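In the UniProt record's numbering, the protein residues as written are 1 to 387. The next block holds one structure in the form of structure tokens; read it before the comments.
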């Protein structure tokens, strides 16, 4: 069984080293690398950078990665004079596809133009990440068939630019086509199930501290409960959560303003009673700031950097699995859970749509579904009133 991998700093002969550790079936494995610096601050920055990349699955210290190779690769990318953009490569790609008919090429151009609308046409292809492609291909409003179509076109394009040497890695390689469409009810999580997830989180952190795996606040994932509760009780999208600023929260009026939304519209919503003390405690934990990101990266030197959306999703999924809940539950399911709960509490479709920031009521109608248990409970209450 694999344990969570950790990184620590060591100093030897005035030079700093980074040590990655992991346990497999109780046995400790370690990899030690020189950071080629005598400066503690620089060593800490590199450690934080490599930890973040390792957590996101972008590097593996146990599979041939070294800091030296990593820095050489970064310098090579940064020193390229061309920095070929997505727009330039789209034109080259279409011209290269001489065997394809006009309809097919127009289809590819249309998909790539939509990607450019999302990431920017001047974006260097070397800077496009797996997370960018996931955000583009798996947009919430898209049908599963459309998501598969987006991904199919992206896989052909990014496989081609790798073959031609424009990029070193195919960022779509680890992206699988969406599974069979699941019902909203399969993605939602109840309050009691959420508490079970938090219990599993506390248990995991306690065990890691006991074994000495946790040496910093960031490794304790103190953000986990506040972030998850913000999604569950306020219905915010993960992008909206990582963009949330302290100046957006009005503690006096118990309201928060959501900007940088999917629709581009700003919305102000009430803070629910169960979320309010959590936000207050998080505010106090950070010294009562009046500006800056609410959920910034917990790395010491990354105070003004947003949290990784991909990492937030992965950590939540990790604890959902550890709790033994349905595999269909993911972070976005917390937003679905909020919508469903609002409807159950008596909010009408227009009110629910306003809170969640839906432009179309058709999207909100997904939450009108009632489970058999809901219907049974209503029937029991009705019959009880008639007795």
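Glycine included, every Cβ here is placed at the ideal spot set by N, Cα and C. Small disclaimer: the values here were computed from a predicted structure and weren't measured.
### Query
Along the chain, where does the beta strand (DSSP E) that runs through residue 10 open and close?
Position 10 of the chain shown, counting from 1, holds the residue named residue 10. Start and end: 6-12.
#### Entry: Cα-Cα separation between residue 171 and residue 184, rounded to whole angstroms
As a position in the chain shown, residue 171 is number 171, starting the count at 1. As a position in the chain shown, residue 184 is number 184, starting the count at 1. Approximately 29 Å, taken between the alpha carbons.
### Message
On the DSSP letters alone, give me the boundaries of the beta strand (DSSP E) that residue 411 sits inside.
### Response
Nothing in the structure corresponds to residue 411, since the chain is present only between 1 and 387.
### Message
Considering only their Cβ atoms, is the gap separating residue 122 from residue 167 smaller than 7 Å?
### Response
Here residue 167 corresponds to residue number 167 of the chain shown, with the count starting at 1. Here residue 122 corresponds to residue number 122 of the chain shown, with the count starting at 1. The answer is no: Cβ separation not under 7 Å.
### Query
Does the distance from the C-beta atom of residue 233 to that of residue 194 stay below 7 Å?
Reading the chain shown from its first residue, position 233 is the one you call residue 233. Reading the chain shown from its first residue, position 194 is the one you call residue 194. Not a contact, by the Cβ cut-off of 7 Å.
### Query
With a CB to CB cut of under 6 Å and the five nearest residues on each side skipped, what residues in its chain are close to residue 322?
Translated into the one-based positions of the chain shown, residue 322 becomes position 322. Cβ neighbours of residue 322 beyond the five flanking positions: 200.
### Query
Should the stretch 211-229 be called in touch with the stretch 347-367, which here means at least 3 C-beta pairs below 8 Å?
no
### Cβ-Cβ separation, residue 115 to residue 86 (assumed contact under 8 Å), whole Å
Mapped onto the chain shown, residue 86 falls at position 86. Mapped onto the chain shown, residue 115 falls at position 115. The Cβ separation is near 7 Å, so the contact holds.
### Task
Thinking residue 238 and residue 256 are a contact (beta carbons under 8 Å), I'd like their distance in whole angstroms, please.
Counting from one through the chain shown, the residue named residue 238 turns up at place 238. Counting from one through the chain shown, the residue named residue 256 turns up at place 256. Contact flag wrong, Cβ pair sits at about 16 Å.
#### Entry: Cβ shell of residue 205 (< 8 Å), same chain only, five flanking positions each side left out
By 1-based counting over the chain shown, the position of residue 205 is 205. Correct list, in chain order: 214, 220 and 221.
### Task
Taking residue 61 as part of the beta strand (DSSP E), name the residues at either end of that continuous run.
The residue given as residue 61 occupies position 61 in the chain shown. Element bounds for residue 61: n/a, residue is neither H nor E.
### Message
Rounding to the nearest angstrom, what Cα-Cα distance links residue 340 and residue 17 in this structure?
### Response
Residue numbering aside, residue 340 sits at position 340 when the chain shown is read from its first letter. Residue numbering aside, residue 17 sits at position 17 when the chain shown is read from its first letter. Cα to Cα, residue 340 sits roughly 50 Å from residue 17.
### Query
Hey, residue 258 and residue 269 are a contact pair by Cβ (cut 8 Å); roughly how many whole angstroms apart?
For the purposes of this step, residue 258 is taken as residue 258 along the chain shown, with counting starting at 1. For the purposes of this step, residue 269 is taken as residue 269 along the chain shown, with counting starting at 1. Indeed they touch by this definition, with Cβ atoms about 7 Å apart.
### Message
Beta-carbon within less than 7 Å of residue 352's beta-carbon, same chain only, minus the 5 sequence neighbours each way: which residues are those?
### Response
Position 352 of the chain shown, counted from the first residue, corresponds to residue 352. Excluding residues within five positions, the ones whose Cβ falls inside 7 Å are 339, 342, 343, 364 and 367.
### Task
Please confirm whether residue 226 and residue 282 have their CB atoms less than 7 Å apart.
If you number the chain shown from 1, residue 226 lands on position 226. If you number the chain shown from 1, residue 282 lands on position 282. Result yes, Cβ atoms of residue 226 and residue 282 sit closer than 7 Å.
### Message
Short of 6 Å in beta carbon distance, which residues of its chain neighbour residue 55, apart from the five on each side in sequence? Order them along the chain.
### Response
Against the chain shown, residue 55 aligns to sequence position 55. Once the five neighbours on either side are set aside, the close Cβ partners of residue 55 are 311.
### Task
Could you have a look at residue 295 and say whether DSSP puts it in helix, strand or coil?
Reading the chain shown from its first residue, position 295 is the one you call residue 295. It is coil, neither helix nor strand.
### Message
Once the 5 residues before and after residue 247 are set aside, which same chain residues still bring their CB inside 8 Å of it?
### Response
Against the chain shown, residue 247 aligns to sequence position 247. These residues qualify, in order along the chain: 290 and 291.
#### Entry: Under the three-state DSSP convention, the category residue 2 falls into
Locating residue 2 in the chain shown gives position 2, where the first residue counts as 1. Any reading at residue 2 needs caution, since the residue's pLDDT is 43, under 50, leaving its predicted position unreliable; the model's value is listed next. Residue state, collapsed to three classes: strand.
### Query
Rounded C-beta distance between residue 306 and residue 293? I'm assuming under 8 Å.
For this step, residue 306 is matched to residue 306 along the chain shown. For this step, residue 293 is matched to residue 293 along the chain shown. At roughly 6 Å, the Cβ-Cβ gap stays under 8 Å, so residue 306 and residue 293 are in contact.
### residue 268 - partner residues in DSSP beta bridges
The count along the chain shown starts at 1 and reaches residue 268 at position 268. DSSP lists 257 as partners of residue 268.
### Task
Output the distance between the C-alpha atoms of residue 357 and residue 267, rounded to the nearest integer angstrom.
The residue you call residue 357 lines up with position 357 of the chain shown. The residue you call residue 267 lines up with position 267 of the chain shown. Spanning the two alpha carbons is a distance of roughly 7 Å.
### Query
To the nearest angstrom, how far is it from the Cα of residue 349 to the Cα of residue 44?
Along the chain shown, one-based indexing puts residue 349 at 349. Along the chain shown, one-based indexing puts residue 44 at 44. Using only the alpha carbons, I get a separation of about 50 Å.
### Query
Using DSSP with H/G/I as helix, E/B as strand and the rest coil, what is residue 247?
For the purposes of this step, residue 247 is taken as residue 247 along the chain shown, with counting starting at 1. Of the three classes helix, strand and coil, the one that applies to residue 247 here is helix, per DSSP.
#### Entry: Alpha carbon of residue 81 to alpha carbon of residue 63, nearest angstrom
Numbered from its first residue, the chain shown carries residue 81 at position 81. Numbered from its first residue, the chain shown carries residue 63 at position 63. Only weak support is given to the placement of residue 81: the predicted model assigns it a pLDDT of 46, under 50, and the value that follows is read from those uncertain coordinates. If I take the Cα positions, the gap works out to 30 Å.
### Task
Can you tell me which of the three DSSP states residue 34 falls into?
Taking the chain shown and counting its residues from 1, one reaches residue 34 at position 34. Looking at residue 34 - three-state DSSP - the assignment turns out to be strand.
### Query
Counting only runs that start and end within the UniProt domain "Core-binding (CB)" (84-162), where is the alpha helix (DSSP H) found for 4 or more residues in a row?
86-96, 102-119 and 130-137
### Straight-line gap, residue 7 to residue 20 (C-alpha atoms, nearest Å)
Position 7 of the chain shown, counting from 1, holds the residue named residue 7. Position 20 of the chain shown, counting from 1, holds the residue named residue 20. Straight-line Cα distance between these residues: approximately 4 Å.
### Task
Give me the Cβ distance between residue 147 and residue 336, rounded to the nearest whole Å; I'm assuming they're in contact under 8 Å.
Against the chain shown, residue 147 aligns to sequence position 147. Against the chain shown, residue 336 aligns to sequence position 336. Actually they are not in contact, since the Cβ atoms of residue 147 and residue 336 sit about 17 Å apart, beyond 8 Å.
#### Entry: 8 Å Cβ shell around residue 93 - same chain, five flanking residues per side excluded
Numbered from 1 along the chain shown, position 93 holds the residue referred to as residue 93. Hits under 8 Å: 108, 112, 157, 160 and 161.
### Query
So, is residue 29 buried or exposed, given that buried needs 16 or more other C-beta atoms within 10 angstroms?
Position 29 of the chain shown, counted from the first residue, corresponds to residue 29. With fewer than 16 Cβ atoms within 10 Å of its Cβ, residue 29 is classed as exposed.
### Message
Quick check on the burial criterion: 16 or more other C-beta atoms within 10 angstroms. Buried or exposed for residue 145?
### Response
As a position in the chain shown, residue 145 is number 145, starting the count at 1. By the neighbour-count rule (16 or more Cβ atoms within 10 Å), residue 145 is not buried but exposed.
### Task
Name the residue from 354, 48 and 242 whose alpha carbon lies nearest to the alpha carbon of residue 308.
Here the question's residue 308 lines up with position 308 in the chain shown. Comparing Cα-Cα distances from residue 308 to each of 354, 48 and 242, the minimum goes to 242.
### Query
Cα-Cα, which of 254, 35 and 104 is closest to residue 277?
Locating residue 277 in the chain shown gives position 277, where the first residue counts as 1. Nearest C-alpha to residue 277: 254.
### Message
Pull the bridge partners of residue 29 from the DSSP assignment, please.
### Response
In the chain shown, residue 29 corresponds to position 29, counting from 1. Answer is 22, bridged to residue 29.
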